[in-house]
Each structure stands twice: as structure tokens, then as C-alpha cells.
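Below: the structure, in C-alpha cells.
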Ligand code: CU
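Residue numbers (the numbering used here): -3 to 149.
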């Protein structure tokens, strides 16, 4: 399960809900990514948690989510759910003018080796890494264990 080393380097600077870093030059069409609707249900387990979010691409070029990291967990893996069975994936495509949705019962992030158990009302800082676009930092709020978003994502 844990073949990817938890390469957590110095804490990423965190300000605001999310920050887009990286270059934005070159006139060509490229992916324009933003994150919305992120949340983590307060985990019932001391060492494992799930996380959900939506990545929207307003650009004309597809991109790929290739890694998710957080100081809060030794490892975060990305899973899809197919026919009720979850499968670890090394990347997820984000289509041009489309979106990638992680939601309860479907694609999800799995936080493993939690450094402490996140509590409702706290936030967990994530860093999303993409194949083409610069990384995004996300402040993921911790919700109740039974939280379900009202706005369909
Ligand atoms: Cu899973």
C-alpha cells in the first residue's frame, strides 16, 4: 500500500483559501485550475481519513492531478471507486473545460498515517501537484463525520 515515500519537506507557506503558484506566461491555452467544495469528514479512525474536493479547469488544455501531500498525514493516496471496489490511482485526468470530482462514494483522497486526528472545525492543508500546472494549496475544512455537501458537486 505505501510504496510512495512521504516526502514532506518544509511546510508550505499557507495564506488564504488557496494559492496558485507557478508561472502564468506564454500566450498558449493552458489549464486554469481552481479547487472548490473541499472537506474532510471528521475521521472515526485515529490513523486514517477521507477527503473530497472538486478541481475545475477553465482552460483549454487538460491536466492531471499527480500527487496530494499534507503535513497532517504520512501519505495521501488517490482512489477511484468502480463497482463498489476502490482502486488506488497514480493520477487523475482533469479535462479541458471540465472538472475532476472527488465525492463520497466515488473518487476520494485517503489520508494515511495521520499525525493527529483532525477535529471538526479545524482545517487540513493540502498541496496538490499537477502534471502541467503549478501546485495548488488547499485549506480543507474538517466537517462532522456525517457531513454531506448540500450543493451537488
Ligand atoms: Cu479508498
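Cβ coordinates follow ideal geometry from the N, Cα and C atoms, glycine included.
One residue after another in chain order, those with a Cβ under 5 Å from a heavy atom of the ligand CU are 75, 82, 106. DSSP links residue 59 through a beta bridge to 90.
Taken through DSSP and simplified to helix, strand or coil, residue 127 comes out as coil.
By the 16-neighbour rule on beta-carbons within 10 angstroms, residue 68 is buried. Three or more beta-carbon pairs separated by less than 8 Å are not found between the region 108 to 119 and the region 78 to 88, which leaves the two stretches without contact. Inter-segment contact for the region 95 to 108 and the region 38 to 50 is present: three or more beta-carbon pairs are separated by less than 8 Å. Close CB contacts of residue 42 within its chain, under the 8 Å cut and outside five residues either way in sequence, are with 110, 113 (chain order). The beta-carbon separation of residue 59 and residue 141, rounded to 32 Å, does not stay under the 8 Å limit for a contact. Only exposed fits residue 30, as fewer than 16 other CB atoms lie within 10 angstroms of its CB. In this structure, the beta-carbon distance from residue 87 to residue 122 does not fall below 8 Å.
Per DSSP, the continuous beta strand (DSSP E) segment holding residue 137 begins and ends at 132 to 139. A direct Cα-Cα distance of roughly 26 Å separates residue 26 from residue 99. For residue 71, the enclosing beta strand (DSSP E) stretches over residues 69 to 78. Sixteen is the threshold: since fewer than 16 other Cβ atoms of the shown chains lie within 10 Å of the Cβ of residue 91, the residue is exposed. Under the three-state reduction of DSSP output, residue 35 falls in the strand class. Taking the Cα positions, residue 139 is about 33 Å away from residue 56.
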